[in-house]
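With the first letter of the sequence shown counted as 1, position 51 gets the number 51 in UniProt numbering; the numbers rise by one all the way through. Backbone N, C-alpha and C define an ideal beta-carbon position, used for all residues, glycine too. This report concerns only the one structure given below.
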Amino acid sequence: MKFLVFKKETLLFFLAVGIVLASISAWFMLKAGNTTVFNQHQEGKIRQIHMVTGEFKTTMKDGKEIEAYRWDPGTIVLKKGEKVNLIISGINGTEHPFYIEGTTIKGTVKKGQDTLVPLQFQKEGTYRLICEVHPDRAHNGPMIAYIVVN
Numbered sequence: 001m002k003f004l005v006f007k008k009e010t011l012l013f014f015l016a017v018g019i020v021l022a023s024i025s026a027w028f029m030l031k032a033g034n035t036t037v038f039n040q041h042q043e044g045k046i047r048q049i050h051m052v053t054g055e056f057k058t059t060m061k062d063g064k065e066i067e068a069y070r071w072d073p074g075t076i077v078l079k080k081g082e083k084v085n086l087i088i089s090g091i092n093g094t095e096h097p098f099y100i101e102g103t104t105i106k107g108t109v110k111k112g113q114d115t116l117v118p119l120q121f122q123k124e125g126t127y128r129l130i131c132e133v134h135p136d137r138a139h140n141g142p143m144i145a146y147i148v149v150n
C-alpha cells in the first residue's frame, strides 16, 4: 500500500497559490468588464467621432465599371443634448457637399481634408447625413449616414 505524504510547508504553499489564483480570478470577473472601451463619454467633454468617405468599385463581366460612395461608419449614435465634433475625412471622391436632414447643417468634404461638423441635437430621432452628389443609386449612392439620437 502506498501513501502520499505532504509536509506542512507544502500544504501551506499550495493553499497560498490557490488563494492568489482565486483572488485574481475574482478580480477579473468582478472588475475587468466594468469599463466600456469603445465610445466612452465623459460628462462635460465634447466627444469626437471620426467618419470617412469611401468608394466601392468593380468591373462587371461586360466590362462596365460600377461604383458606389458611402460614409463610414454608416450609423452613429448620440445622446440627446450631447456635444459631438464629427470629423469627416475626405478619402475618396473629389468633394461631397452634404446636409443633415431636418437641420440647417451643411458643408463640403474635400479629398485629403478633414471637415469638422459640430453636432448637438435636442430632439430624439434619426437624422440623415446626405451627400448631394450621390443621393441615390442613379448617382453612385445612396451616400447616406444615419445619426441616431436617443
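Own chain residues within Cβ distance below 6 Å of residue i, not counting five before or after
i: Cys131; result: His96, Phe98 and Met143
i: Lys111; result: Gly90 and Thr94
Local Cβ density within 10 Å of residue i, reported as buried at 16 or more and exposed below that
i: Thr58; result: exposed
i: Phe3; result: exposed
i: His50; result: exposed
i: Leu119; result: buried
i: Arg137; result: exposed
i: Leu21; result: exposed
i: Val149; result: buried
i: Phe121; result: buried
i: Ala16; result: exposed
i: Ala145; result: buried
Proximity test, residue i beta-carbon vs the ligand ZN heavy atom, cut-off 8 Å
i: Thr94; result: This structure lacks the ligand ZN; in fact it carries no ligand of any kind.
Own chain partners of residue i with C-beta closer than 7 Å, once the 5 adjacent residues on each side are dropped
i: Gln113; result: Gly90
i: Gln48; result: Asn85 and Ile87
i: Val133; result: His96, Pro97 and His139
i: Met60; result: Ile66
Helix, strand or coil at residue i [DSSP, three-state]
i: Thr94; result: coil
i: His50; result: strand
i: Val133; result: coil
Minimum Cβ-Cβ distance from residue i to chain D less than 9 Å
i: Val149; result: Of the protein chains in this structure there is only one, and it is not chain D.
Cβ distance (whole Å) where residue i is taken to contact residue j below 8 Å
i: Gly107; j: Thr115; result: 6 Å
i: Glu124; j: Lys80; result: 5 Å
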